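Novice: My questions will all concern the structure given below.
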Amino acid sequence: MSRSAALIGLSEPRTAVVAAVLLIVGALNLIPGAGLLGPERLADLYGVTGSDESVLVLLRHRALLLAMLGLFLVLAAFRADWRRPALIAGLLSNVVFVLLTKAEPTTAEIARVATIDLVALPLLIVGLVLSPRRRRDREPR
């Protein structure tokens, strides 16, 4: 591996796989950030049209939160100490969204998003399994 790869903690193949998972899932989470651009993009993403203004505000806020999560995942690919927290955050977000969509009727667009999250789940699990836990030196009690 190159010197720069070693500097960001990608000198081992397993950490390179974890970084790739973070980049892929991060990119998937950045896509809904387009919902911040307005109701037209929300309609494209979720099939929501002519909704109550409050619902549109909530969906735009969701877009912001997913974009932030996506950015966290992407940045974690280059920061070894951020990898496990980012993978856990991504895993929780995807699991909860999939469970919510199974509990309530949804639009075809939301079902498509849930399918994408289902595809991302095994990637996140693999990333978490391959991501080494940091051991902290503990003082004896």
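The working numbering applies: residue 321 is where the sequence shown begins, and numbers increase by one.
All C-beta atoms in this analysis are idealised placements derived from N, C-alpha and C, irrespective of residue type, glycine included.
None of the values given here were measured: they were computed from a predicted structure.
Return the chain-ordered list of same chain residues with a C-beta closer than 6 Å to the C-beta of Glu429, the five sequence neighbours on each side being excluded.
Specialist: Taking the sequence shown and counting its residues from 1, the one referred to as residue 429 is at position 109. Excluding residues within five positions, the ones whose Cβ falls inside 6 Å are Tyr366 and Gly367.
Novice: Please state whether the Cβ-Cβ distance between Ala383 and Asn414 is less than 8 Å.
Specialist: For the purposes of this step, residue 383 is taken as residue 63 along the sequence shown, with counting starting at 1. For the purposes of this step, residue 414 is taken as residue 94 along the sequence shown, with counting starting at 1. Cβ distance not < 8 Å, so Ala383 and Asn414 don't count as in contact.
Novice: What residue range is occupied by the uninterrupted alpha helix (DSSP H) comprising Glu373?
Specialist: Taking the sequence shown and counting its residues from 1, the one referred to as residue 373 is at position 53. Here the alpha helix (DSSP H) through Glu373 covers Glu373 to Ala396.
Novice: Nearest to Met388 by alpha carbon, out of Ala400, Leu362 and Gly410?
Specialist: To locate residue 388, count along the sequence shown from 1; it is residue 68. For the residues Ala400, Leu362 and Gly410, the minimum Cα distance to Met388 belongs to Gly410.
Novice: Nearest-angstrom Cα distance between Asp437 and Phe417?
Specialist: As a working note, residue 437 is residue 117 in the sequence shown. As a working note, residue 417 is residue 97 in the sequence shown. Approximately 8 Å between the Cα atoms of the pair.
Novice: Report all residues from its chain with a CB closer than 6 Å to the CB of Ala354; omit the five preceding and five following residues, and keep chain order.
Specialist: Taking the first residue of the sequence shown as 1, we reach residue 354 at position 34. Hits under 6 Å: Arg361.
Novice: Leaving out the 5 sequence neighbours to the left and right, which residues in its chain are closer than 7 Å to Gly447 when beta-carbon positions are compared?
Specialist: As a working note, residue 447 is residue 127 in the sequence shown. Within the same chain, Gly447 has close Cβ partners Val338, Val341, Leu342 and Leu407.
Novice: Reducing DSSP to helix, strand and coil, say where Thr426 ends up.
Specialist: Walking along the sequence shown from the start, residue 426 turns up at place 106. Thr426 falls in the coil class under three-state DSSP.
Novice: Are the Cβ atoms of Gly390 and Leu356 separated by less than 8 Å?
Specialist: Looking up residue 390 in the sequence shown gives position 70. Looking up residue 356 in the sequence shown gives position 36. Their beta carbons are not under 8 Å apart, which means Gly390 does not touch Leu356 by this criterion.
Novice: For my contact list, Arg403 and Ser371 are in at a C-beta cut-off of 8 Å; report their separation, rounded to the angstrom.
Specialist: Numbered from its first residue, the sequence shown carries residue 403 at position 83. Numbered from its first residue, the sequence shown carries residue 371 at position 51. Their Cβ separation, rounded to whole angstroms, is 37 Å, which puts Arg403 and Ser371 out of contact at 8 Å.
Novice: Have a look at Phe392 and Ala400 and give me their C-alpha separation to the nearest angstrom.
Specialist: Locating residue 392 in the sequence shown gives position 72, counting from the first residue. Locating residue 400 in the sequence shown gives position 80, counting from the first residue. Rounded to the nearest angstrom, the two C-alpha atoms are 12 Å apart.
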